[in-house]
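Accompanying notes for the structure given below.
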């Protein structure tokens, strides 16, 4: 029995090889987080951990953009820069159009990038039209006998490239882009990539998934699995590295994915590595783009104030190309500003050269003002979280962990606001509370998905080719029947009778072992210490099924309330004058069914020496194993840890 | 086995008044959510195990445990192969003695480069790959960057004893680099191997002829390893071994033939005296070089003589030579008597040679005879031709005479 906390078992994957493993055994796989505006890639490094890697431009967040300029094609962040001067030949936001028909795409009149058009040949297919320069055919070599004498000995210069139009379908664009991502990973690893796992949003339809897979195959990528964003996040958060030491393996997890154009919320039940979705929602009306717009407006106003140059943005008037260009420039510049805001508590600058009319702009914004600007978006997210929890009938107090995904998730303001407004319990685990957000920590919201995909790719890649393993491989596809499971409805555990004051209601200390909503079959082992009476050495346990609830206690508080946010201090002042009632939530346990009881005598026991408060008392370590079968039969084994310890069993037959 | 969650719980003893409740035999857990109520996310090792459990092991944890244990073993075995065959190449890790760690890089000429790289079990047999791997291992362990800040246990006994144990000091790292430099350069490695300290030690242990006779040592067990030791210096590989008591005459002769014509690559540049760095004097340098050259030649000569002496000694002690001589004698005597014994002794070389000679002689004779016969025939032919000429001449003379008359 291993003493290290691990998953439900250990898959035989090379995903966490021992450190002595040579570099050559790194799994040649890549995890791709393919977002609508940004993508990221992760591979396994020498340390045996999945790491998000930078592409050739040094970018870990690779903009999903392709730009054509003359004979050149730019991909990624370089392409994004082209939005300023070469917007009509720059393609962005193509992922969400994958697998859609032209008629299904809402025709918005306001796009800065290359417009989506109907493909001239293929029916009902969206495409992009870009202007490129086609390289002219190379001149005939001077030696070729063309019949006319050469005018000079100088070789004929190459003709000028000719302007041409290129029509690209969404699928082609995606192929080009994915290929460049895989190429980056390949360059990093120094060997060909054998497989990839690509993340897709939960809202993707089957047609869209098929289109993505086809585009990836066209790019020469072997797609091991298309993984839902929630799945990719779960793959990262169930690794031992994420859990660290103080995170329980059984927890309810809230995923908050703030994308640029939509917010996806998922409530997950994580049970020793096995996870399933309790509830999820996707809100396309909220997104980080709105924060961008507010920020751009703020800086534009600041610019006008400083320089007296009028600037209208978001939307920029159609008849003013200067304003449009200024907006595009600001949009690029605030990426940096947002990252600075996330990373450091100080003020962040935004600098744009020649923003409008040749005037440069440099402005700063501090966190407080930024949070004020973003406040409506934060509030909307918080409201949606509340709605989700209500629909799933899960009390906010029961959420054990919050995980943020996406660049906006790195904003500490969002975390503060959510904790406060949703009413999550104190001490809820967030990457911010654990301090793993900044500095490329495990909780970095921008890399979670890519790393999850890489872990998953390594896992699937480790499966062999035997029929059994093939069957397993298949079970990783979406909607496979093996992923449908039975789950427990109530929590099972043991009660150790004692007369402690705080346990008066239950009559002992309650140790939950198998939590509710755990997939069957399940095996759980817990270990804890029990004090023994020195003479009798009596060891007693009761096995119970319980229901858990929440008791709300109203506490009247006359002291000034803690500041509920820095942005509304004014309101606080008014409220401070009268005493406030605060709701304090407690978890309560109600005993439902007694399943078994054990009353025996311990055989081991160690007397504590020294002068501590436990000195002179006798303790023994007890290990309790629960196995709940697929039919609801329960097998409980209580074992005193150590050689010759007492072993007792309780069996509850199936329903 | 499943992972154990260690809970930070300690409970007080059971109160004396506690009575164990009676459990109704009908108690069951509440019915679980039906299948399909929840859909697992197909991610992570835990899901893989769940799949194995439900698809291949009929939900039996014990069966899965067995499978996983077997799988782990299989992988471990696989990995062991990897470690031995692929990445390690049998370099392994040798214990680093304090003596080794306290080497002075300035005295690099005197250090045992194989021991420094942890290759003393392979020595001259180490391949380039192995040297590379060994070097990498040592560098990872002893690089000064790794050592910085780990100099906490400075008050251990070795430190106090004045042994160079200062881990921040990169002395041993320099030794490693020097060793790697020497062993990766084929020329330098050859020079070092020529005077390999371990070889020199072993060389001293070679017993003399008198010793072997006096102590009545086993010829093959004593000298076999000695020749094996020297065989490393041969330009021609493989080198014939000493063999065993029943080796055939050809084998024995082949062995001595090889060792008397031993082609050695051993050289003694390693022991050269350094040219005095400080002096710019050309004469000084030339003088040293000349001396070194002479010294090298002397050593080489000595080495050759030593080896020759060794082979001579072996030849003089070899029990097989006696046997072979005996056999030859018997064969000669048997021939003299002209009686072929019922069980003919092995054909000795002499016999063979005699037979060969005989055959040759016969062939010669035959040839001569043939030659003679040919000459005879030629003569006869010539005579016949002469006779015919004569006859024609006579006939012509008779005709002329007839015409005149």
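Chains as they are written, first to last, in the working numbering: chain Y, 313 to 967; chain B, 9 to 413. Just so it is clear, CB atoms sit at the ideal spot from N, CA and C, and this is done for glycine as well. Since we're looking at a predicted model, the values are computed, not measured.
Counting contacts by CB-CB distance shorter than 8 Å, is residue 413 of chain Y in contact with chain B? Taking the first chain and counting its residues from 1, the one referred to as residue 413 of chain Y is at position 101. Under the Cβ distance rule, residue 413 of chain Y does not count among the residues neighbouring chain B, no pair being separated by less than 8 Å.
Checking 8 Å against the spacing of the C-beta atoms, do residue 587 of chain Y and residue 579 of chain Y come in under that value? Looking up residue 587 of chain Y in the first chain gives position 275. Looking up residue 579 of chain Y in the first chain gives position 267. Note that the C-beta distance between residue 587 of chain Y and residue 579 of chain Y is not below 8 Å.
Distance cutoff 8 Å, beta carbons only. Does residue 230 of chain B sit that close to anything in chain Y? As a working mapping, residue 230 of chain B is identified with position 222 in the second chain. With 8 Å as the cut-off, residue 230 of chain B does not count as an interface residue toward chain Y.
Cβ of residue 207 of chain B less than 8 Å from any chain Y Cβ? Looking up residue 207 of chain B in the second chain gives position 199. So no, residue 207 of chain B is outside the interface.
Exposure of residue 129 of chain B, with buried meaning 16 or more beta-carbon neighbours within 10 Å: Taking the first residue of the second chain as position 1, residue 129 of chain B is located at position 121. Exposed.
In chain B, which residues lie less than 7 Å from residue 795 of chain Y when you measure between Cβ atoms? Within the first chain, numbered from 1, the residue matching residue 795 of chain Y stands at position 483. Neighbours of residue 795 of chain Y on chain B, chain order: 47, 48 and 50.
Find out if the Cβ-Cβ distance for the pair residue 931 of chain Y, residue 917 of chain Y is shorter than 8 Å. As a position in the first chain, residue 931 of chain Y is number 619, starting the count at 1. As a position in the first chain, residue 917 of chain Y is number 605, starting the count at 1. Between residue 931 of chain Y and residue 917 of chain Y, the CB-CB gap stays under 8 Å.
Output, in chain order, the set of chain Y residues within a Cβ distance shorter than 7 Å of residue 59 of chain B. Along the second chain, one-based indexing puts residue 59 of chain B at 51. In chain order, 784, 787 and 794 make up the part of chain Y whose C-beta sits under 7 Å from the C-beta of residue 59 of chain B.
With burial defined as no fewer than 16 other Cβ atoms inside 10 Å of the residue's Cβ, what is the status of residue 57 of chain B: buried or exposed? Along the second chain, one-based indexing puts residue 57 of chain B at 49. Residue 57 of chain B counts as buried, since at least 16 other C-beta atoms from the protein chains shown sit within 10 angstroms of its C-beta.
Can you find the residues in the same chain that come closer than 6 Å, C-beta to C-beta, to residue 725 of chain Y, ignoring five residues on each side of it along the sequence? Here residue 725 of chain Y corresponds to residue number 413 of the first chain, with the count starting at 1. Counting only Cβ-Cβ distances below 6 Å, and skipping sequence neighbours, we find 683.
Can you list, in chain order, the residues of its chain whose CB lies under 6 Å from that of residue 519 of chain Y, leaving out five sequence neighbours each side? In the first chain, residue 519 of chain Y corresponds to position 207, counting from 1. Result list for residue 519 of chain Y: 411, in chain order.
For residue 400 of chain Y, would you say it is in contact with chain B, using Cβ-to-Cβ distances shorter than 8 Å as the test? Against the first chain, residue 400 of chain Y aligns to sequence position 88. With a threshold of 8 Å between beta carbons, residue 400 of chain Y makes no contact with chain B.
For a quick check, are the C-beta atoms of residue 564 of chain Y and residue 797 of chain Y less than 8 Å apart? Within the first chain, the letter at position 252 stands for residue 564 of chain Y. Within the first chain, the letter at position 485 stands for residue 797 of chain Y. Cβ atoms of residue 564 of chain Y and residue 797 of chain Y: not closer than 8 Å.
For residue 964 of chain Y, would you say it is in contact with chain B, using Cβ-to-Cβ distances shorter than 8 Å as the test? Residue mapping note: residue 964 of chain Y aligns to position 652 of the first chain, counting from 1. For residue 964 of chain Y, the answer is yes, since a Cβ of chain B falls inside 8 Å of its Cβ.
DSSP state of residue 682 of chain Y, grouped into three classes? Taking the first chain and counting its residues from 1, one reaches residue 682 of chain Y at position 370. Helix.
Please classify residue 736 of chain Y: is it buried, with 16 or more other beta-carbons within 10 angstroms of its beta-carbon, or exposed? To locate residue 736 of chain Y, count along the first chain from 1; it is residue 424. Within a 10 Å sphere around the beta-carbon of residue 736 of chain Y sit 16 or more other beta-carbons, which makes this residue buried.
Reducing DSSP to helix, strand and coil, say where residue 763 of chain Y ends up. Here residue 763 of chain Y refers to the residue found at position 451 of the first chain. For residue 763 of chain Y, the secondary structure class from DSSP, reduced to helix, strand or coil, is helix.
Residues of chain B with CB closer than 9 Å to the CB of residue 584 of chain Y, please, in chain order. For the purposes of this step, residue 584 of chain Y is identified with residue 272 of the first chain, where counting begins at 1. Near residue 584 of chain Y (Cβ distances below 9 Å), the residues of chain B are 10, 11, 13 and 54.
Determine the chain Y residues that contact residue 28 of chain B at a beta-carbon separation under 7 Å, and present them in chain order. As a position in the second chain, residue 28 of chain B is number 20, starting the count at 1. Counting only Cβ-Cβ distances below 7 Å, residue 28 of chain B has contacts in chain Y at 852, 909 and 911, in chain order.
At a cut of 8 Å, does the segment 598-614 of chain Y reach the segment 59-67 of chain B through at least three beta carbon pairs? Not touching, per the Cβ criterion.
Answer with yes or no whether the minimum CB distance from residue 768 of chain Y to chain B is below 8 Å. On the first chain, position 456 is the one that residue 768 of chain Y refers to. By this cut-off, residue 768 of chain Y is an interface position.
List, in chain order, every chain B residue whose beta-carbon is nearer than 8 Å to that of residue 809 of chain Y. Taking the first chain and counting its residues from 1, one reaches residue 809 of chain Y at position 497. What residue 809 of chain Y touches in chain B: 22, 23 and 26.
Positions along the segment 809-843 of chain Y whose CB lies within less than 8 Å of some CB in chain A: Reference to chain A is not applicable here, since the protein chains of this structure are Y and B.
Residue 935 of chain Y at chain B interface by Cβ criterion, 8 Å: Within the first chain, residue 935 of chain Y is the residue found at index 623, counting from 1. Under the 8 Å criterion on CB atoms, residue 935 of chain Y is classed as interfacial with respect to chain B.
Please list the residues of the segment 516-546 of chain Y that have a C-beta atom closer than 8 Å to any C-beta atom in chain B, keeping them in chain order. Against chain B - using a Cβ distance shorter than 8 Å - the residues of the segment 516-546 of chain Y are 537, 539, 540, 542, 543, 544 and 546.
Residue range of the alpha helix (DSSP H) that residue 400 of chain Y falls in? Along the first chain, one-based indexing puts residue 400 of chain Y at 88. Unbroken run through residue 400 of chain Y: none, as it is neither H nor E.
Residues from the segment 59-73 of chain B in contact with chain Y, defined by Cβ distance under 8 Å: So the list reads 59, 60, 61, 62, 63, 64, 67, 69 and 72, given in the order they occur along the chain.
Coarse secondary structure for residue 2 of chain B, derived from DSSP in three states: Because chain B in this structure spans residues 9 to 413, residue 2 of chain B falls outside the shown range and cannot be described.
For a test of the three-state rule: what should DSSP assign to residue 587 of chain Y, helix, strand or coil? If you number the first chain from 1, residue 587 of chain Y lands on position 275. If DSSP states are grouped into helix, strand and coil, residue 587 of chain Y belongs with the strands.
At a Cβ threshold of 8 Å, is residue 19 of chain B touching chain Y? For this step, residue 19 of chain B is matched to residue 11 along the second chain. Using a CB distance cut-off of 8 Å, residue 19 of chain B counts as an interface residue toward chain Y.
Report the residues of the segment 583-605 of chain Y with a CB closer than 9 Å to any CB of chain B, ordered along the chain. Look at the segment 583-605 of chain Y: the residues with a C-beta under 9 Å from a C-beta of chain B are 583, 584, 585, 586, 587, 588, 589 and 590.
Counting pairs of Cβ atoms below 8 Å between the segment 798-807 of chain Y and the segment 557-574 of chain Y, do you hit three or more? The segment 798-807 of chain Y vs the segment 557-574 of chain Y: no contact.
Just verifying my parser: in three-state terms, what is the DSSP assignment at residue 786 of chain Y? As a working mapping, residue 786 of chain Y is identified with position 474 in the first chain. If DSSP states are grouped into helix, strand and coil, residue 786 of chain Y belongs with the helices.
Check each residue of the segment 546-564 of chain Y: if its Cβ is closer than 7 Å to any Cβ of chain B, include it; give the result in chain order. Contact annotation: in the segment 546-564 of chain Y, residues whose CB is within less than 7 Å of a CB in chain B are 546, 547, 550 and 561.
Might you give, ordered along the chain, the residues of its own chain that have their beta carbon closer than 7 Å to the beta carbon of residue 595 of chain Y, omitting 5 neighbours on each side? Counting from 1 along the first chain, the entry for residue 595 of chain Y is found at position 283. These residues qualify, in order along the chain: 574, 575 and 696.
Does residue 739 of chain Y come out as helix, strand or coil in the three-state DSSP assignment? On the first chain, residue 739 of chain Y is found 427 positions in, with the first residue counted as 1. Coil.
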